[in-house]
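Shown next, in structure tokens, is the structure this report addresses.
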Amino acid sequence: MISMLKDPVCGMDVDADSPYHHVHAGQTYYFCNPRCLEKFKADPKSYLDPREDVAVHAVADAIYTCPMHPEIEQVGPGPCPKCGMALEPKSALEGEADDTELKAMQTRFWISAGLTLPLLVISMGPMLGNLLPPWLSGPAGSLIQLALGTPVILWGGWPFLVRGWNSVRTWNLNMYTLISMGTVTALAYSLFAVIFPGLFSASFREPDGSLGLYFEAGAVIVTLVILGDVLEQRARRRTGGAIKALLGLQAKTARRIRADGAEEDVPLEAVLVGDRLRVRPGEKVPVDGVVQEGSSYVDESMVSGESEPVEKTAGSKVVGSTLNGRGTFIFLAEKVGRDTLLYHIVEMVAEAQRSRAPIQRLADKASSLFVPAVLACAVLSFGIWALWGPEPRLAHALFSAVSVLIIACPCALGLATPMSVMVGTGQGALAGVLVKNAESLELLGRVDTLVVDKTGTLTEGKPALVAIECVPGTDEAGLLAVMAALERGSEHPIAEALIRAADDRKLPRVEATDFQAVSGQGVSALIRGEETLLGNALFLSKRKVDSSAFESKADEWRSKGWTVVFAAVGGKAAGLLAVADPIKKTTAQALRELAMEGIQVIMLSGDHAATAKAVAKELGLEQVEADVQPAQKAEKVRALLAQGRNVAMAGDGVNDAPALAAAQVGIAMGTGTDVAMQSAGITLVKGDLRGIVKAIRLSRAVMKNIRQNLFFALIYNCVGIPLAAGALYPALGLLLSPAFAAAAMSLSSVSVIGNALRLRHVKL
Numbered sequence: 000m001i002s003m004l005k006d007p008v009c010g011m012d013v014d015a016d017s018p019y020h021h022v023h024a025g026q027t028y029y030f031c032n033p034r035c036l037e038k039f040k041a042d043p044k045s046y047l048d049p050r051e052d053v054a055v056h057a058v059a060d061a062i063y064t065c066p067m068h069p070e071i072e073q074v075g076p077g078p079c080p081k082c083g084m085a086l087e088p089k090s091a092l093e094g095e096a097d098d099t100e101l102k103a104m105q106t107r108f109w110i111s112a113g114l115t116l117p118l119l120v121i122s123m124g125p126m127l128g129n130l131l132p133p134w135l136s137g138p139a140g141s142l143i144q145l146a147l148g149t150p151v152i153l154w155g156g157w158p159f160l161v162r163g164w165n166s167v168r169t170w171n172l173n174m175y176t177l178i179s180m181g182t183v184t185a186l187a188y189s190l191f192a193v194i195f196p197g198l199f200s201a202s203f204r205e206p207d208g209s210l211g212l213y214f215e216a217g218a219v220i221v222t223l224v225i226l227g228d229v230l231e232q233r234a235r236r237r238t239g240g241a242i243k244a245l246l247g248l249q250a251k252t253a254r255r256i257r258a259d260g261a262e263e264d265v266p267l268e269a270v271l272v273g274d275r276l277r278v279r280p281g282e283k284v285p286v287d288g289v290v291q292e293g294s295s296y297v298d299e300s301m302v303s304g305e306s307e308p309v310e311k312t313a314g315s316k317v318v319g320s321t322l323n324g325r326g327t328f329i330f331l332a333e334k335v336g337r338d339t340l341l342y343h344i345v346e347m348v349a350e351a352q353r354s355r356a357p358i359q360r361l362a363d364k365a366s367s368l369f370v371p372a373v374l375a376c377a378v379l380s381f382g383i384w385a386l387w388g389p390e391p392r393l394a395h396a397l398f399s400a401v402s403v404l405i406i407a408c409p410c411a412l413g414l415a416t417p418m419s420v421m422v423g424t425g426q427g428a429l430a431g432v433l434v435k436n437a438e439s440l441e442l443l444g445r446v447d448t449l450v451v452d453k454t455g456t457l458t459e460g461k462p463a464l465v466a467i468e469c470v471p472g473t474d475e476a477g478l479l480a481v482m483a484a485l486e487r488g489s490e491h492p493i494a495e496a497l498i499r500a501a502d503d504r505k506l507p508r509v510e511a512t513d514f515q516a517v518s519g520q521g522v523s524a525l526i527r528g529e530e531t532l533l534g535n536a537l538f539l540s541k542r543k544v545d546s547s548a549f550e551s552k553a554d555e556w557r558s559k560g561w562t563v564v565f566a567a568v569g570g571k572a573a574g575l576l577a578v579a580d581p582i583k584k585t586t587a588q589a590l591r592e593l594a595m596e597g598i599q600v601i602m603l604s605g606d607h608a609a610t611a612k613a614v615a616k617e618l619g620l621e622q623v624e625a626d627v628q629p630a631q632k633a634e635k636v637r638a639l640l641a642q643g644r645n646v647a648m649a650g651d652g653v654n655d656a657p658a659l660a661a662a663q664v665g666i667a668m669g670t671g672t673d674v675a676m677q678s679a680g681i682t683l684v685k686g687d688l689r690g691i692v693k694a695i696r697l698s699r700a701v702m703k704n705i706r707q708n709l710f711f712a713l714i715y716n717c718v719g720i721p722l723a724a725g726a727l728y729p730a731l732g733l734l735l736s737p738a739f740a741a742a743a744m745s746l747s748s749v750s751v752i753g754n755a756l757r758l759r760h761v762k763l
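In terms of numbering that gives the first Met the number 0, the sequence shown has 115 at position 116, counting the first letter as 1, and numbering is strictly consecutive.
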């Protein structure tokens with residue numbers, strides 16, 4: 000059973016000695032106030048997870064995962080069993096990452112650096128001339144080097160040695176395999192050289208007969224690797240900065256209006272669904288809800304990426320963490336805690352950051368062969384130096400092999416893709432572009448054809464009733480009341496327009512039964528005992544209703560860009576209704592920008608051809624297909640794919656879901672339905688087509704950054720390993736020091752992460 004550390008109703012932190020507690024099913028639950036206690040006692044099942052019978056808000060240990068191997072998950076921090084890297088929280092919702100390992104590494108670094116510095120001075124004695132006492136060059140100096148270097152390698156480098164051993168034990172060879180082999184080899188050789196000097200032949204000895212010691216090389220390697228690990232952990236924390244910035248925008252308190260009209264400031268965690276909250280000028284909206292009283296302009300840039308404030312009046316939706324302007328309003332809390340839009344954004348981005356881009360397969364394949372190839376290079380280097388190298392041949396061979404092992408860095412290759420994806424998806428979220436997975440992000444940059452729905456994508460998706468035509472002797476108000484009753488069972492924007500028009504005119508409500516909907520055609524129901532229909536001409540004709548008397552008027556309205564629906568009652572045509580859906584103000588600009596990006600736009604609409612063409616003409620769209628049913632939209636997308644095009648589909652309705660799933664990349668409007676957003680790889684929070692331009696630019700920037708990272712990682716290893724093996728020695732007499740190799744290896748991963756962090760400044 001999970002320890003109850005949070006109020007199961009509101010999720011607020013609660014001390015175990017809270018006076019508000021209740022025993023349910025043998026488990027004691029604690030609450031932050033009596034109100035939450037009463038809510039829980041009234042209906043405990045609403046606040047418990049039925050699968051485990053524990054509080055939904057109970058605190059469990061955070062799940063940690065590896066940025067290179069997202070399939071690795073464990074409770075709490077630690078090293079990855081595959082690559083040995085420090086794990087990090089799977090989700091930004093888990094709060095700040097546990098910094099225990101970072102602090103431990105920092106301690107190891109400072110102590111190791113303190114021991115390594117004098118060790119370096121002693122080992123450099125011959126180069127310092129008379130600055131050091133002569134006895135440091137003898138046996139006493141060797142013992143001091145042993146005393147200083149051994150703790151650094153064995154204690155400072157212990158985490159790396161453990162990871163290296165585990166990598167061999169599980170045969171998941173990684174960079175810690177190489178580091179541990181190199182440092183242990185240097186230490187073992189040096190220890191034997193100090194304790195048993197007589198065992199070494201002339202091929203190990205310098206011209207003066209002395210044995211070279213590598214305590215300082217091993218210590219410097221460990222110290223620099225620790226430093227690289229610290230820098231890498233710090234840099235990796237910065238890659239999630241965008242999400243932490245979003246979470247940091249949350250309001251800390253809310254102004255709640257009690258039942259008696261009095262107002263009180265309460266912690267955000269204490270806000271419940273149904274609470275009435277006041278937002279004053281300059282304050283943040285605490286949670287998601289709908290405005291009841293008052294009006295203002297709200298800055299929603301933190302979730303939409305658009306800086307222009309949005310007007311809010313009675314009935315308007317407000318989003319938690321957005322910033323209110325100069326007005327004041329009262330709103331009803333509808334979503335709190337993890338149900339708010341902000342938390343959904345964070346969860347979606349966190350999931351995308353753990354997904355794998357297709358280009359990662361190249362790095363994965365290279366990484367799987369990397370360590371065995373490096374080991375082979377080290378053995379080959381040792382053999383060449385031992386057989387044909389200058390004296391002392393074996394000392395040079397050992398020196399070269401250790402350098403090869405140390406300089407190789409498979410992590411730089413493995414981090415190239417996930418770091419860029421992590422930073423890129425975070426920046427996309429700040430710009431109102433939510434990426435569902437890395438594959439969608441990669442594919443979007445290749446898109447050359449964009450298929451768009453009309454309603455809710457090019458237009459506002461909020462049509463209004465503009466005209467009614469009735470058969471002679473029929474009352475307009477009566478027809479509208481009946482059609483509104485019929486549409487109350489539908490989620491279509493046209494249904495909302497008719498219902499809103501009937502409510503505005505305060506028409507009496509009529510009951511409808513046996514409601515049925517045919518996607519893309521119309522709806523039917525029984526009203527006052529008669530079959531009532533509303534839909535397109537095809538829908539009525541299939542039910543043997545003749546609507547030809549209204550075709551002339553329908554064509555006239557369609558030429559204006561209006562959407563027309565036919566009404567029938569009792570098997571006879573009853574009238575014609577027209578709704579107008581205004582084009583979004585930003586659509587024309589978005590289409591121009593898409594054209595500049597080389598994207599061809601095709602409009603698919605279920606509307607009549609005349610209506611669709613009128614909208615297309617106004618927007619300057621040349622390719623438009625009308626009267627397209629939902630299933631046909633998906634077929635059209637597949638046909639474009641068969642032509643070799645890279646296709647993205649943008650839509651916002653339930654009927655767009657099949658086409659969104661069929662396209663290489665589905666793009667959902669954040670103002671649309673949940674089904675559309677679940678089917679899409681990209682969601683635009685604002686529901687603005689300009690977001691597609693941002694998403695495309697983001698995709699191209701991320702992929703360019705990934706290619707740079709892969710290039711840097713490959714070139715670094717392709718150049719570094721031969722240099723470490725002694726490629727420059729024949730021409731220049733230079734042999735790369737293991738210490739220099741350790742510095743280069745430590746900085747390679749940091750450089751890849753640093754390059755990925757440049758995406759934080761990309762202009763979308």
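The beta carbon of each residue, even a glycine, is placed where N, CA and C say it ideally should be.
As the structure is a computational prediction, the values presented were derived from the model and not from experiment.
Residue of the options minimising C-alpha distance to residue i
i, options, result
"residue 521", "272, 493, 288 and 505", "493"
"residue 511", "532, 491 and 496", "532"
"residue 100", "86, 113 and 110", "86"
"residue 453", "579, 555 and 351", "579"
"residue 256", "268, 278, 41 and 250", "278"
"residue 68", "314, 327 and 416", "416"
"residue 218", "358, 355 and 144", "144"
"residue 105", "402, 132, 496 and 222", "222"
"residue 78", "166, 34, 132 and 118", "166"
"residue 114", "214, 84, 589 and 38", "214"
"residue 753", "721, 232, 220 and 34", "232"
"residue 502", "491, 516, 513 and 482", "482"
"residue 262", "251, 726, 275 and 268", "275"
"residue 326", "319, 295, 338 and 343", "295"
"residue 566", "550, 560 and 559", "550"
Buried versus exposed, by CB contacts within 10 Å (16 or more), residue i
i, result
"residue 386", "exposed"
"residue 574", "buried"
"residue 584", "exposed"
"residue 287", "buried"
"residue 595", "exposed"
"residue 743", "buried"
"residue 760", "exposed"
"residue 504", "exposed"
"residue 227", "buried"
"residue 717", "exposed"
"residue 81", "buried"
"residue 612", "buried"
"residue 657", "buried"
"residue 556", "buried"
"residue 378", "exposed"
"residue 13", "buried"
"residue 116", "exposed"
Residue(s) in a DSSP beta bridge with residue i
i, result
"residue 458", "582"
"residue 256", "262 and 275"
"residue 28", "21"
"residue 650", "667"
"residue 601", "450 and 622"
Continuous beta strand (DSSP E) stretch holding residue i: start and end
i, result
"residue 102", "Unbroken run through residue 102 is the alpha helix (DSSP H), 99-122; no beta strand (DSSP E)."
"residue 779", "Since the first residue of the chain shown is 0 and the last is 763, residue 779 is not available in this structure."
Terminal residues of the alpha helix (DSSP H) in which residue i lies
i, result
"residue 161", "157-168"
"residue 707", "689-724"
"residue 614", "608-618"
Evaluate the contact criterion for the stretch 627-641 versus the stretch 461-472: three or more CB pairs, one atom per stretch, below 8 Å.
-> no
Does the stretch 724-739 come within contact of the stretch 402-419, defined as at least 3 CB pairs closer than 8 Å?
-> yes
State whether the stretch 354-368 contacts the stretch 310-318, with contact taken as three or more CB pairs (one from each stretch) at a distance under 8 Å.
-> With a cut-off of 8 Å on Cβ pairs, the stretch 354-368 is not in contact with the stretch 310-318, counting fewer than three such pairs.
Cβ contact check for the stretch 418-432 and the stretch 688-698: 3 or more pairs under 8 Å = yes
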